[in-house]
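Step one of this worksheet: look at the structure below.
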Amino acid sequence: MHETMVAQSLFEVILAESRKQNARPVSAKISCGAFDAVNDEVLSFAFDAIAKDTACEGMKLEIEHKPLKGHCKSCDKIFEFELSSPKCSDCGGDFEILPDEPLLLETVAFESED
Ligand SMILES: [Zn+2]
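In this note's numbering, the protein residues as written are 8 to 121.
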């Protein structure tokens, strides 16, 4: 399953970072694109299972879903692409769909000592 693989690699990166900083991670922010989207609940569940009994146990994951973007060939505008109205929001012209956003680990928050 996609989410399990994502959770596993996130876990490894966060755990390595936590060892480097010698601090316990409390939350992480992740972003993903529209095509390569993850299911928030499934990902959190998979992460919880992997993180059990480690420094990452009980961490909160916040997942931001980034919309697809289109590039208008007539007026050169970059706009948020919506399936319900697939055209340029300014001139209604022809457009191309820009590449999907990759799945990214944006930030990890660590517990402070005090
Ligand atoms: Zn346009």
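Don't be surprised by glycine CBs; every beta carbon is placed ideally from N, CA and C. Here the structure is a predicted model, which is why all the values come from computation and not from measurement.
Which residues share a DSSP beta bridge with residue i?
i, result
"His78", "Ile85, Glu103"
"Pro93", "For Pro93, which the question treats as bridged, DSSP gives no partner whatsoever."
"Cys98", "Note: Cys98 sits in no beta bridge, so no partner."
"Glu69", "Lys36"
"Ala116", "Ser34"
"Leu111", "Ser38"
When the Cα of residue i is compared with those of the options, which residue comes out closest?
i, options, result
"Gln15", "Lys27, Gly40, Thr61", "Thr61"
"Leu110", "Met66, Leu22, Thr11, Ile37", "Ile37"
"Cys98", "Asp83, Leu112, Ala58", "Asp83"
Would residue i and residue j be called neighbours here (beta carbons separated by less than 9 Å)?
i, j, result
"Ala53", "His72", "no"
"Ser34", "Glu69", "yes"
"Glu19", "Leu50", "no"
"Gly65", "Ala56", "no"
Between which residues of its own chain and residue i is the CB-CB distance below 8 Å, once the five residues before and five after are set aside?
i, result
"Ile85", "Lys76, Gly77, His78, Cys79, Leu105"
Classify residue i: buried if its beta carbon has 16 or more other beta carbons within 10 angstroms, exposed otherwise.
i, result
"Glu108", "buried"
"Ser81", "exposed"
"Pro93", "exposed"
In chain order, what residues of the same chain have a beta carbon less than 7 Å from the beta carbon of residue i, not counting five sequence neighbours either side?
i, result
"Leu22", "Thr61, Ala62, Cys63"
"Gln28", "Phe117"
For residue i, which residues from the same chain have a beta carbon less than 6 Å from its beta carbon, with the 5 sequence-adjacent residues on both sides left out?
i, result
"Gly40", "Lys73, Asp107, Glu108"
"Lys67", "Ser34"
"Ser25", "Pro32, Ala62"
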